[in-house]
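Protein chains in written order, with our numbering: chain E, 46 to 160; chain B, 314 to 429.
We treat Cβ as the ideally placed atom computed from N, Cα and C, and that holds for glycine.
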Amino acid sequence: GAGVSQTPSNKVTEKGKYVELRCDPISGHTALYWYRQSLGQGPEFLIYFQGTGAADDSGLPNDRFFAVRPEGSVSTLKIQRTERGDSAVYLCASSLTGRGWETQYFGPGTRLLVL
Amino acid sequence: AQKVTQAQTEISVVEKEDVTLDCVYETRDTTYYLFWYKQPPSGELVFLIRRNSFDEQNEISGRYSWNFQKSTSSFNFTITASQVVDSAVYFCALSEAGTGGFKTIFGAGTRLFVKA
C-alpha cells in the first residue's frame with residue numbers, strides 16, 4: 046500500500062510570501078503529525094491531529110503557522126509571511142490511532158527554502 | 314519536561330567494526346515509549362525499534378541490539394559488524410502523554426559513517 050506522501054518535495058519562496066505544504070497520510074490512519082527538521086537537527090514536533098481536530102499544537106512556533114485537516118485525512122500546513130528562519134525540511138507522519146507506542150510512518154518531507 | 318540527548322554528533326568506523334550509539338532521556342512520566350529511527354541519505358525516517366517503560370528486556374535483531382536501562386535513563390543502540398549501508402543519521406525518540414495525546418521528542422541525531 047501507499048506510504049505517506051508530501052507535496053511539493055521542494056519549495057522555494059521569497060521572504061514574506063505565503064506557502065502551503067500538503068501531506069497525504071496512510072489510508073486509515075487517524076493520527077497525523079507535522080515536524081520541522083533543521084539542518085543537523087532532529088525532527089521538532091509542530092502539531093498533532095487526531096481525526097479532524099488538532100489534539101496538540103504546542104509546537105507551532107508562532108501564529109504565522111497554521112495547519113488543517115478538514116476531512117480527517119489530508120492535512121495542509123500553512124505558513125504566512127515566511128521568514129528566512131522558516132527554511133527547513135517539513136516532515137509529516139501518520140500512525141493508526143495516535144497511541145504512544147505506535148510506530149509513526151514518515152513521508153519524504155518538503156524542503157522549504159525562503160530567500 | 315521531556316528531553317532526549319544524543320551526545321555523539323558523528324561517529325566514523327571502518328566496516329566490520331562494532332559501534333554503539335548512545336541515547337539518554339529525561340521524563341517525569343512512569344509510562345513512556347522509546348524509539349530508534351534511521352534516516353538514510355534519501356531522507357525518509359525509518360522505524361527500527363520501540364520499547365515501553367515497563368519492559369527493560371534487551372533486544373537483538375540481526376546485527377542490531379538495544380540496551381534499555383531505566384536506572385541510567387539510557388537506551389543505547391549497537392550495530393555489530395557494521396556495513397557501509399549502515400551509514401545514516403540515527404535518531405532516538407521519546408513518546409509520553411501530552412496535552413491531547415502522545416507527543417514525540419527526538420534527539421539531535423548521531424551521524425554514522427561506515428567506511429569500506
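For residue i, would you say it is in contact with chain B, using Cβ-to-Cβ distances shorter than 9 Å as the test?
i               : result
F148 of chain E : Note that residue 148 of chain E is Thr in the sequence shown here, rather than Phe. Yes - at least one Cβ of chain B is within 9 Å of the one on T148 of chain E.
Y135 of chain E : no
P37 of chain E  : Since the first residue of chain E shown is 46 and the last is 160, residue 37 of chain E is not available in this structure.
V138 of chain E : Correcting the residue type first, residue 138 of chain E is Ala in the shown sequence and not Val. Judged by the 9 Å Cβ criterion, A138 of chain E is in contact with chain B.
S132 of chain E : no
S120 of chain E : no
Y63 of chain E  : no
G117 of chain E : no
Could you tell me which of the options sits nearest to residue i, measuring between CA atoms?
i               : options                        : result
W146 of chain E : B:A401, B:D368, B:R376         : B:D368
P115 of chain E : E:S140, E:P153, E:D69          : E:D69
P155 of chain E : B:K316, B:E357, B:F426         : A small correction: the amino acid at residue 155 of chain E is Thr; Pro does not occupy that position in the sequence shown. Considering only alpha carbons, the answer is B:E357.
T423 of chain B : B:D399, B:E330, B:I373, B:R341 : B:D399
V317 of chain B : B:E328, B:K428, B:S408, B:V332 : B:S408
S54 of chain E  : E:K60, E:L160, E:L91, E:E65    : E:E65
I91 of chain E  : E:F151, E:L136, E:L141, E:T142 : Here the sequence assigns Leu to residue 91 of chain E, which means Ile is not the residue at that position. For L91 of chain E, the nearest C-alpha among the options comes from E:L136.
S386 of chain B : B:A314, B:Y338, B:A401, B:E323 : B:Y338
P153 of chain E : B:R341, B:T343, B:P353, B:L347 : B:P353
S103 of chain E : B:T417, B:S395, B:L347         : B:T417
Y346 of chain B : B:I324, B:Q315, B:A394, B:V359 : B:Q315
D342 of chain B : B:A410, B:F426, B:F419         : B:A410
G143 of chain E : E:R81, E:D101, E:T52, E:Y63    : E:D101
F419 of chain B : E:I124, E:S140, E:Q82, E:L141  : E:Q82
Anything in chain E within Cβ reach of residue i, meaning under 8 Å, just list it in chain order.
i               : result
E357 of chain B : F151, G152, P153, G154
A401 of chain B : The contacting residues do not exist; A401 of chain B stays about 13 Å from chain E at best.
N380 of chain B : Simply none; closest approach about 19 Å.
F426 of chain B : In chain order: nothing, as chain E lies at least about 15 Å away.
Y346 of chain B : G145, W146
At least one CB of chain E closer than 9 Å to the CB of residue i: is that the case?
i               : result
S325 of chain B : no
F390 of chain B : no
A406 of chain B : yes
Q319 of chain B : yes
Y377 of chain B : no
Y350 of chain B : yes
Starting from residue i, find everything on chain B with Cβ-Cβ shorter than 7 Å and list it in chain order.
i               : result
R144 of chain E : F415
Please compile the residues from chain E whose C-beta is within a distance smaller than 7 Å of the C-beta of residue i.
i               : result
G422 of chain B : G87
May I have the straight-line CA-CA distance separating residue i from residue j, to the nearest angstrom?
i               : j               : result
L77 of chain E  : Q95 of chain E  : 7 Å
G98 of chain E  : T75 of chain E  : 10 Å
L157 of chain E : Y377 of chain B : 34 Å
C443 of chain B : Y403 of chain B : Outside the shown range of chain B (314 to 429) lies residue 443 of chain B, about which nothing can therefore be said.
T58 of chain E  : T127 of chain E : 8 Å
T47 of chain E  : S72 of chain E  : A quick correction: the sequence has Ala, not Thr, at residue 47 of chain E. A47 of chain E and S72 of chain E: Cα-Cα distance of roughly 8 Å.
A332 of chain B : V326 of chain B : Looking at the sequence itself, residue 332 of chain B is Val, so the reference to Ala does not match. Answer to the nearest angstrom: the Cα atoms are 7 Å apart.
K329 of chain B : A320 of chain B : 23 Å
V397 of chain B : Y350 of chain B : 17 Å
G85 of chain E  : A421 of chain B : 7 Å
A138 of chain E : S50 of chain E  : 9 Å
R109 of chain E : K428 of chain B : 44 Å
S384 of chain B : N371 of chain B : 14 Å
F415 of chain B : W79 of chain E  : 13 Å
C405 of chain B : R67 of chain E  : 26 Å
Can you pull the chain B neighbours of residue i, defined as C-beta to C-beta under 8 Å?
i              : result
D69 of chain E : Near D69 of chain E there are no residues of chain B at all, since even the closest Cβ is about 14 Å away, more than 8 Å.
List the residues of chain E whose Cβ lies closer than 9 Å to the Cβ of residue i, in chain order.
i               : result
N365 of chain B : G145, W146
Between residue i and chain D, is the shortest Cβ-Cβ distance under 9 Å, so that the two count as touching?
i              : result
G73 of chain E : The question asks about chain D, but that chain is absent: this structure's protein chains are E and B.
| message | Counting beta carbon pairs with one atom in the region 118-125 of chain E and one in the region 383-391 of chain B, are three or more of them shorter than 8 Å? | response | Under the 8 Å Cβ criterion, the region 383-391 of chain B does not count as touching the region 118-125 of chain E, having fewer than three qualifying pairs.
| request: Assess, as a yes-or-no matter, whether the region 359-373 of chain B is touched by the region 138-154 of chain E under the definition of 3 or more beta carbon pairs within less than 8 Å. | output: The answer is yes - the region 359-373 of chain B touches the region 138-154 of chain E, with three or more Cβ pairs under 8 Å.
| Are the region 132-139 of chain E and the region 106-115 of chain E touching by the rule of at least three beta carbon pairs closer than 8 Å? | With a cut-off of 8 Å, the region 106-115 of chain E and the region 132-139 of chain E do not count as touching, because too few Cβ pairs lie within range.
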